[in-house]
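Heads up: the structure comes next, in C-alpha cells.
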Amino acid sequence: MTSKTPATRRVLVARPRGYCAGVDRAVQAVEKALEQYGAPIYVRKQIVHNTHVVRTLEARGAIFVEETEEVPEGAIVVFSAHGVSPAVHREAAQRSLRTIDATCPLVTKVHNEAKRFASQDYDILLIGHEGHEEVEGTAGEAPDHIQLVDGLDSVAAVQVKDPSRLVWLSQTTLSVDETVETVSRLKERFPNLIDPPSDDICYATQNRQVAVKEIAAQAQLVIVVGSENSSNSKRLVEVAVDHGADASYLVDDASLIKDEWLDGVTTVGVTSGASVPDELVSEVLARLAAHGFDDVEEVESVEENVRFALPHELRKDLRATV
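So the sequence shown is numbered by the working numbering: it starts at 3 and just counts up by one.
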C-alpha cells in the first residue's frame, strides 16, 4: 500500500500591502519630530491605526492623547493621518501649541471638496463609519451641510433640503464595492445626486482590495495583518470572504494565529492593511513556515509608487538645521 504524498502547503502574499504613502508620511513625521525637537512629542489620537506602530513610537518618546486639551500649553503636537476639524486647529491655536499636521493629502482633498461644495450651498452626503476620526474631521469642515450615510441601512433615513443640489463624498478607507452599492441606492432616491470630481476612496485602499481579491480566489484562508480599529484592514477581511476565501481573520501580529485555522488548509493568502509595517507580515510568514507553509509566492496585482512629502511645518525646520 502506498501513502499519498502530502499536498504542498503554500502561501500567496498580496502586493501591494502594508504602508501606504499617507501612513509612511505620518509615521516619519513623528520620527523626524522626535529627532529634531527631542522627546516628548505629543500626538493627537493614534498617528495611524496600528497598535504596533503606536507602541514603537511611544517607546521613542511620543505621547498619544485623545484631545488637544491634554497637551501642555506651548508644546509640539502632531495631528494624525486621519485629519482633524477646524475646531481642533482653533483649540491648538488657543493653547499656543506648535502643530505638525500629518493629515494624509488624500484626506485633505476630501476636506477641500467638502468646503467647496458647502460654499455653493450643496447638501453633502458623507459615506463613512460613524465615530471614525476621518469622518469627524471631514464633517467638521461643514457641519451644517454634511449628513453621514453609514452603509446601506442608512440610506432610507436620508433627508435633504434640495435634491437638485446634492453631492456625495466618502471616507477614504471604505470598501470600494460597498460604496458603489451605497451610491447606487442613494441615486435611486435622489437621481440628481452628483459624484465628487475624483474618487475619494484612496488609491491604496483600492489597490489592497484588488490584490486581496486575487489571492482570495485561490486561497482557503486569508490572514489580514492589521489592528481592530483600522477601517481599511477590516474591509480587507470582508473583501477576502466575498471573493472566494472560505475564511479570513484579522490579526495584530503572528501570535494571534490559531493552529486550528490551518487544519485542512493547503493555500493561505496573506496581506496587510495600509498602516501595517512589513516586519509584522514577515513574522506571520515565519509562523506559517513553522506549520509547513514554506512555499511562498508574492502576487503583484498593481504597481504602487506614490510618495508624499513631509508636512511643511517639519520640512521648514529640517531645512534650517541642514
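Yeah, the Cβ is synthetic: ideal placement off N, Cα and C, and Gly gets one too.
A quick note: this is a predicted structure, and the numbers were derived from the prediction, not measured.
- Taking the CA atoms as reference points, Gly139 sits about 8 angstroms from Pro88.
- Segment contact: the segment 142 to 154 against the segment 100 to 117, three or more CB-CB distances shorter than 8 angstroms; contact assigned.
- Secondary structure at Arg100: strand, using DSSP grouped into helix, strand and coil.
- Pairwise C-beta distances place the segment 40 to 57 in contact with the segment 75 to 94, as three or more of them are shorter than 8 angstroms.
- DSSP places Ala256 in the helix class (H, G or I) of the three-state scheme.
- A direct Cα-to-Cα measurement between Asn307 and Arg19 gives close to 12 angstroms.
- Between Ala213 and Ala16, the beta carbon gap of about 4 angstroms places them in contact (Cβ cut-off 8 angstroms).
- For Phe66, the enclosing beta strand (DSSP E) starts and ends at Ala64 to Val67.
- Within the segment 136 to 201, complete alpha helix (DSSP H) segments of at least 4 residues are found at 178 to 191, given in chain order.
- When DSSP assignments are scanned along the segment 43 to 96, the uninterrupted stretches of beta strand (DSSP E) that are 3 or more residues long and fall wholly within it turn out to be 43 to 46, 64 to 67 and 78 to 81.
- Within the same chain, Cβ atoms closer than 6 angstroms to the Cβ of Ala23 are found at Val308, Arg309 and Phe310, the five residues on either side in sequence being excluded.
- According to the DSSP assignment, Ser274 belongs to the beta strand (DSSP E) that extends over Thr269 to Ser274.
- Ser250 sits in a strand when the DSSP states are folded into three classes.
- The C-beta of Pro313 has 16 or more other C-beta atoms within 10 Å across all chains shown, which makes the residue buried.
- Remark: C-beta atoms of Ala120 and Arg210 do not approach each other more closely than 9 angstroms.
- Spatial neighbours of Ser303 in its own chain (CB-CB distance under 6 angstroms, excluding positions within 5 residues in sequence) are listed in chain order as Val212, Ala213 and Glu216.
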